[in-house]
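With positions in the sequence shown counted from 1, the corresponding number in our numbering is that position plus 90.
We put the CB at the ideal spot given by N, CA and C, even for glycine.
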Amino acid sequence: ETGAFKLRGATSKLLSLTAEERGRGVIAVSTGNHGRAVAYVAGQLGITAAVCISERVPENKVKALRQLKAEVVIHGQSQDEAEVRAKQIQDERGATLIPPFDDAHIIAGQGTLGLELLADAPKLDTVLVPLSGGGLIAGVALALKAANPNIRVVGISMERAAVMYRSLQAGQPVQLPEEPTLADSLQGGIGLHNQYTLAMVQQYVDDVILLTEAEIAAGMAFAFFEHHLVLEGAGAVGIAALLCDKVPHLGQHVAVVLSGGNVDMAAFLAVVQEERETGD
């Protein structure tokens with residue numbers, strides 16, 4: 091129904107709300123996938139949901155939100171600008187803001203993916219995880235490291251406006267202007283008042299790898315032609331990192347998290363067609 095891992099965190103968070111909070115409704119800010127997850131879970135629980143997105147969010151994700159009966163508010167040129175509007179609506183309505191990543195319930199929900207990895211592959215050496223605001227990798231890394239501190243957890247992001255990577259370098263949250271990228275779900279800031287994910291990435295993530303747009307495109311095409319998988323750019327970054335041999339010290343047992351497939355099909359077909367022609 092939602093096409094991405096975000097359903098885990100959204101379910102965890104919305105189930106934690108009191109009856110009074112559910113009655114006031116919820117609001118989310120999103121690059122698309124988190125909003126879709128919140129809208130779906132809210133619908134299942136009978137909670138009204140509004141989702142704030144920027145004008146950069148692809149039309150396929152906007153359409154999916156509307157199909158889930160969410161109120162869609164389009165504002166600004168970045169996720170940070172959309173977040174400003176979300177907080178205004180939160181104040182106006184008394185709705186509960188459902189953060190996309192920097193929240194204990196969200197992180198715990200995403201971390202269930204790590205538990206499933208351990209159940210399926212208990213001898214893991216390295217796990218590659220898409221990296222944006224850090225909710226997914228924080229939860230997954232915490233679960234993995236609690237079971238085996240020797241498992242390497244590597245975050246994969248794009249070179250363009252890699253906010254978490256730059257924040258790690260700076261030792262504090264930074265802001266960067268968003269840039270067009272195939273991995274649009276990895277766009278956005280981490281919040282200048284980040285409470286959880288930056289510190290958890292600092293503590294539990296062993297390395298961060300950045301990819302060019304060409305490398306991301308190659309990952310998407312490989313997943314499609316070799317495995318018949320339709321992945322959005324953000325979902326293909328782990329594959330891309332392996333293809334371009336950017337991850338050192340992999341070990342023998344490697345897991346790659348393919349985090350989502352909510353991609354505009356026209357854009358996707360253009361990418362894979364170009365990769366096929368280039369490959370030929």
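Does the Cβ-Cβ distance between residue i and residue j come in under 8 Å?
i, j, result
"Val337", "Leu218", "yes"
"Gly204", "Leu234", "yes"
"Val141", "Thr101", "no"
"Gly87", "Gly93", "As shown, the chain starts at 91 and ends at 370. That puts residue 87 outside it, with no answer to give."
"Asp215", "Gly328", "no"
"Val116", "Ile137", "yes"
"Gly325", "Leu348", "yes"
"Leu288", "Ser257", "yes"
"Asp170", "Asn284", "no"
"Gly279", "Gln265", "yes"
"Phe312", "Leu333", "yes"
"Leu375", "Ala185", "Any property of residue 375 remains undetermined from this structure, which presents the chain solely from 91 to 370."
"Met290", "Leu226", "no"
"His343", "Ala211", "yes"
"His124", "Pro190", "yes"
"Lys103", "Ile179", "no"
Put residue i into one of helix, strand or coil per three-state DSSP.
i, result
"Val230", "helix"
"Asp297", "strand"
"Glu322", "coil"
"Glu268", "coil"
"Gly350", "strand"
"Ser247", "strand"
"Glu145", "coil"
"Ala140", "strand"
"Ile164", "strand"
"Thr101", "helix"
"Ile280", "coil"
"Ala94", "strand"
"Gly225", "helix"
"Gly199", "helix"
"Tyr130", "helix"
"Gln125", "The amino acid occupying residue 125 in the given sequence is Gly; Gln does not appear at that position. Reduced to three states, the DSSP call for Gly125 is helix."
"Ile179", "helix"
If you draw a straight line from the alpha carbon of residue i to that of residue j, how long is it in whole angstroms?
i, j, result
"Thr302", "Arg114", "43 Å"
"Leu105", "His317", "35 Å"
"Pro267", "Val253", "9 Å"
"Leu207", "Ala345", "8 Å"
"Arg366", "Met248", "22 Å"
"Val147", "Ser222", "15 Å"
"Ala139", "Ala251", "29 Å"
"Gly122", "Ile143", "7 Å"
"Ala307", "Ala357", "11 Å"
"Pro263", "His339", "28 Å"
"Gly229", "Leu135", "24 Å"
"Phe314", "Val320", "6 Å"
"Ala331", "Arg112", "41 Å"
"Leu272", "Ala237", "34 Å"
"Leu107", "Phe95", "20 Å"
"Tyr255", "Asp354", "27 Å"
"Glu110", "Thr202", "27 Å"
"Glu305", "Arg183", "44 Å"
"Glu145", "Pro239", "41 Å"
"Ala127", "Leu359", "25 Å"
"Leu97", "Glu91", "9 Å"
Residue i bridges to which residues according to DSSP?
i, result
"Arg156", "Partner(s): none; Arg156 has no beta bridge."
"Leu107", "DSSP output for Leu107 lists no bridge partner at all."
"Val337", "DSSP, once it has assigned bridges, lists no residue as partnering Val337."
"Leu187", "Ile117"
"Pro220", "Ile246"
"Ala356", "Bridge partners of Ala356: none, in fact."
"Val344", "Thr216"
Would the stretch 295-312 and the stretch 238-246 be scored as touching if the rule is three or more Cβ pairs under 8 Å?
yes
Count the C-beta pairs between the stretch 159-166 and the stretch 182-201 that are closer than 8 Å, then say yes if the count reaches three, no if not.
no
Is the stretch 174-189 close to the stretch 145-152, with three or more CB pairs under 8 Å?
No: the two stretches stay apart, fewer than three of their Cβ pairs being nearer than 8 Å.
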